[in-house]
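Asker:
Numbering (the working numbering), first residue to last: 1 to 756.
1) Kindly list the residues whose CB is nearer than 8 Å to the CB of residue 550, restricted to its own chain and excluding five residues on each side of it in sequence; keep chain order.
2) According to DSSP, what are the bridge partners of residue 764?
3) Can residue 489 and residue 519 be called in contact, C-beta distance under 7 Å?
4) Quick one: grab the DSSP three-state call for residue 63.
5) Which residues mark the beginning and the end of the beta strand (DSSP E) in which residue 320 is found?
6) CB-CB under 6 Å to residue 33, same chain, minus the five flanking residues each way: which ones, in chain order?
7) Please list, in chain order, all residues of the same chain as residue 133 whose beta carbon is under 6 Å from its beta carbon, the five residues on each side excluded.
8) I'd like to confirm the pairing. Which residues does DSSP put opposite residue 132 in its beta bridges?
9) Note down, in chain order, each residue of its chain lying with its Cβ closer than 6 Å to the Cβ of residue 106, except the 5 sequence neighbours on either side.
10) Distance, Cα to Cα, residue 173 vs residue 526?
11) Please tell me whether residue 113 and residue 169 are closer than 7 Å, where the distance is taken between their beta carbons.
12) Write down every uninterrupted run of the alpha helix (DSSP H) in the segment 669-704 whose length is 4 residues or greater and which is fully enclosed by it, in chain order.
13) Consult DSSP for residue 632 and reduce its assignment to one of helix, strand or coil.
14) Restricting to Cα atoms, I'd like to know which of 425, 421, 327, 586 is closest to residue 377.
15) In the DSSP output, what is residue 235 paired with across the bridge?
16) Quick check: what's the CA-CA separation for residue 769 versus residue 229?
17) With a threshold of 16 other CB atoms inside 10 Å of the CB of residue 702, please say whether the residue is buried or exposed.
18) So, helix, strand or coil for residue 749, using DSSP?
19) DSSP state of residue 102, grouped into three classes?
20) Should residue 206 go down as buried or exposed, given a rule of 16 or more other Cβ atoms within 10 Å for buried?
21) State the DSSP-derived secondary structure class of residue 293, mapped to helix, strand or coil.
22) Check for me: the beta strand (DSSP E) holding residue 613 runs from which residue to which?
23) If contact is defined by three or more beta carbon pairs under 8 Å, each pair taking one atom from either stretch, is the segment 94-108 in contact with the segment 73-81?
24) In its own chain, which residues sit with a C-beta less than 6 Å from the C-beta of residue 742, not counting the 5 before and 5 after it?
25) Could you give the C-beta distance for residue 676 and residue 720, rounded to a whole number, given that I count them as a contact under 8 Å?
26) Any idea if residue 335 is buried or exposed, counting beta-carbon neighbours within 10 angstroms, 16 or more meaning buried?
27) Alpha carbon to alpha carbon, how far is residue 178 from residue 83? Give it in angstroms, no decimals.
28) With a threshold of 16 other CB atoms inside 10 Å of the CB of residue 299, please say whether the residue is buried or exposed.
29) What separation, rounded to the nearest whole angstrom, lies between the Cα atoms of residue 471 and residue 544?
30) Check whether the Cβ atoms of residue 696 and residue 615 sit closer than 7 Å, and answer yes or no.
31) Quick check: the segment 208-215 against the segment 252-272, are at least 3 beta-carbon pairs closer than 8 Å?
32) Which of the three DSSP states, helix, strand or coil, is assigned to residue 545?
33) Would you say residue 234 and residue 268 are within 7 Å of each other, going by their C-beta atoms?
34) Quick check on the burial criterion: 16 or more other C-beta atoms within 10 angstroms. Buried or exposed for residue 760?
35) When you compare only the Cα positions, how much space is there between residue 564 and residue 264?
36) If you draw a straight line from the C-alpha of residue 529 to the C-alpha of residue 108, how long is it?
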């Protein structure tokens, strides 16, 4: 019995479970559904608590980030105000000494702000600016159009409408607005880096790098009223809104908010800076390349194109029908891309017709913008960009020129090759190494995405952290393309600050050149933002670990740790090294001491007739216009050929020309007084042949510029030296009426008495 019974029992025990398993394989799905229902029933209390916790966590994160962003902007604005006070000892100076701190075109901008406040009404002030005949002799100009005075108009309206005239002085109100805009600038950079990385820690690091490298990120310390200082904060807001708008996981309300903010900031940016449409052109090129590389962002990109079109035409109407906006490359490119989009025909993939249509579309995209630009220029009056072509030819050694203005541009330090100091400063703050690392990783990841598309592989709709594909995010693709374009142009022309654009404003046909000179101050903040985003982004570290095939440590955990540890270490090191320097700058009292200029302005206001016209260097004429209000022969702002020619003619006082020639030039502009600056007459330049007098000698043929040139010998000495000696024939034409260590003022005689 025992020998027969156990086997079936054992067989039943051993086969029973296997039979049950075979039978359960068929109804597995139904049982799974039942088990899932049971799990849902058992887990019903958890979803009630989890969303509340998630919502609270998100709210706390957003609240802390927004608080940090606003605080960073406010602290930076207060820092600029305190530094400006220490640098110029501003509050302890008289009004005249404060105004002298504005140099070049900064003085002109602020002088028109003063004129608006003195006007009996806003309408009268606008009329006097648009029909201005009290600034430049023998010339009526539309100052609002030629000098982009919309910031001054807005500032004057705010000053009077808010009743600030009873609380704060006009100058403090003016510079306070600019410092406030710089705070908004920093806040926008903070938000952009935060949106890209997902953590406000990246925003804090962006602000730290921006302030530490402020010598290369902004010109606010040297020239407060510059147009770029008014405009770039709005561009930063536009970039932040565009970054949010391009994100894939954006809800409807956030998308609408980003679109509205982007529309408003784009138009405001275009109104504040006359060169803004060139910068937006580079942005449009970046968005076009994003449209080519990305799959789902085509509709959004074309919505941005509509914003460009609307801003251009509205700006054209409100900027006194500015033809530069109609002939701008931005309008031609955007119109061509939108037209190409309308002409696209859908065909089945892989068919011969589809391939032909792709070739046609590519041809249209390459040729249609140029064709449209040529057609528009045929019907819209404009000035050719010959100066740009000549400049580039001379810059790259393809041609030579003796033109005074062109050689002056070429001699500026701004247009020399990037200095080692520039890269050294960025490296010492650890900014440049991390920026290069971030750009390389994102570029390689982006190239992977492109190759996947070429090979026909579909991209994921939602990229997770585990995927390690940071190059699939559209906002990242846009920023990488944009920073590469800006960086490439900034390296060709370092643009250490459009320094001479402040001293010599080129005409509209040199507008793009002047933008190139400001590119460093547009690109370097981008460097701060992208470097901070990269080191704080777990997704970027995960992308790197995917390539390295890291297996010893869990890659996600390590990416999360590094995204917090690396920026923390960087922040602590920056705090230890640079924070004491910043505090030292705020505690050290600097003194802006220029008694010679103060004495000159005081003499003009007391001794010169109200109807007198002064001639001299454009830089000094701007200060005279601001401090005295007297009429001048030239300005450090040139928007037409007549003003450009005036500048070169007035500078002849430092050339080897006769007294009679100089007299004829000055009287042709109805000048009554001539001011000779000793700093220009006895200038010692660091670069050979780049002093003003050297450039004049080259233009006049008084020195040999290259082999084969004919030397035009001048029998006259340098005018600025000879006129000081007070001998005939110079005393026949000019009578010295005032002098100090820096300036010599001569009255231009109306009746010439020849002496032996």
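Backbone N, C-alpha and C define an ideal beta-carbon position, used for all residues, glycine too. Since the structure is predicted, the reported quantities are computational estimates derived from the model, not experimental observations.
Answerer: Let's see:
1) Counting from one through the chain shown, the residue named residue 550 turns up at place 550. Correct list, in chain order: 558.
2) Limits of the chain in this structure are 1 at one end and 756 at the other, which puts residue 764 out of reach.
3) Counting from one through the chain shown, the residue named residue 489 turns up at place 489. Counting from one through the chain shown, the residue named residue 519 turns up at place 519. It is a contact, given that the beta carbons lie within the stated cut-off.
4) By 1-based counting over the chain shown, the position of residue 63 is 63. Note: residue 63 maps to helix in three-state DSSP.
5) Here the question's residue 320 lines up with position 320 in the chain shown. Counting along the chain, residue 320 falls outside any beta strand (DSSP E), and DSSP gives it neither H nor E.
6) Numbered from 1 along the chain shown, position 33 holds the residue referred to as residue 33. Bear in mind that the predicted position of residue 33 carries a pLDDT of just 44, short of 50, making it too unreliable to give a figure here.
7) Counting from one through the chain shown, the residue named residue 133 turns up at place 133. So the qualifying residues of the chain are 140.
8) Against the chain shown, residue 132 aligns to sequence position 132. According to DSSP, residue 132 bridges with 141.
9) Indexing the chain shown from 1 puts residue 106 at position 106. If we look at residue 106 and ignore the five residues flanking it on each side, its Cβ neighbours are 223, 225.
10) The count along the chain shown starts at 1 and reaches residue 173 at position 173. The count along the chain shown starts at 1 and reaches residue 526 at position 526. Distance between the alpha carbons of residue 173 and residue 526 is about 29 Å.
11) The count along the chain shown starts at 1 and reaches residue 113 at position 113. The count along the chain shown starts at 1 and reaches residue 169 at position 169. Not closer than 7 Å, so no.
12) 678-681, 692-700
13) In the chain shown, counting from the first residue as 1, residue 632 sits at position 632. Note: residue 632 maps to strand in three-state DSSP.
14) Stepping through the chain shown from its first residue, residue 377 is reached at position 377. Looking at the Cα atoms, 327 is the closest of the given residues.
15) Taking the first residue of the chain shown as position 1, residue 235 is located at position 235. Partner(s): none; residue 235 has no beta bridge.
16) Any answer about residue 769 is impossible in this case: the structure gives the chain only from 1 up to 756.
17) Residue mapping note: residue 702 aligns to position 702 of the chain shown, counting from 1. Taking all protein chains in view, the Cβ of residue 702 is crowded by 16 or more other Cβ atoms within 10 Å, so the residue is classified as buried.
18) Numbered from 1 along the chain shown, position 749 holds the residue referred to as residue 749. Looking at residue 749 - three-state DSSP - the assignment turns out to be coil, as it is neither helix nor strand.
19) Along the chain shown, read from residue 1 onward, the residue named residue 102 stands at position 102. Coil at residue 102, not helix or strand.
20) Translated into the one-based positions of the chain shown, residue 206 becomes position 206. Residue 206 comes out buried.
21) As a working mapping, residue 293 is identified with position 293 in the chain shown. Three-state result, residue 293: helix.
22) Mapped onto the chain shown, residue 613 falls at position 613. 613-615 is the span of the beta strand (DSSP E), which, as asked, contains residue 613.
23) no
24) On the chain shown, position 742 is the one that residue 742 refers to. The answer, listed in chain order, is 596, 678.
25) Against the chain shown, residue 676 aligns to sequence position 676. Against the chain shown, residue 720 aligns to sequence position 720. Beta-carbon to beta-carbon, residue 676 and residue 720 are separated by about 5 Å, close enough to satisfy the 8 Å threshold.
26) As a first step, residue 335 must be located in the chain shown, where it is residue number 335. That one is buried.
27) To locate residue 83, count along the chain shown from 1; it is residue 83. To locate residue 178, count along the chain shown from 1; it is residue 178. Whole-angstrom Cα-Cα distance: 14 Å.
28) Numbered from 1 along the chain shown, position 299 holds the residue referred to as residue 299. Flag for residue 299 reads exposed.
29) Position 471 of the chain shown, counting from 1, holds the residue named residue 471. Position 544 of the chain shown, counting from 1, holds the residue named residue 544. Their backbone Cα atoms lie some 12 Å apart in a straight line.
30) As a first step, residue 696 must be located in the chain shown, where it is residue number 696. As a first step, residue 615 must be located in the chain shown, where it is residue number 615. Their beta carbons are not under 7 Å apart, which means residue 696 does not touch residue 615 by this criterion.
31) no
32) The count along the chain shown starts at 1 and reaches residue 545 at position 545. In this structure, residue 545 counts as helix in the three-state DSSP scheme.
33) Taking the first residue of the chain shown as 1, we reach residue 234 at position 234. Taking the first residue of the chain shown as 1, we reach residue 268 at position 268. Closer than 7 Å, so yes.
34) Nothing about residue 760 can be read from this structure; the chain reaches only from 1 to 756.
35) The sequence position of residue 564 within the chain shown is 564, counting from 1. The sequence position of residue 264 within the chain shown is 264, counting from 1. If you draw a straight line from the Cα of residue 564 to the Cα of residue 264, it is about 35 Å long.
36) Taking the first residue of the chain shown as 1, we reach residue 529 at position 529. Taking the first residue of the chain shown as 1, we reach residue 108 at position 108. Going by the C-alpha atoms only, they are around 33 Å apart.
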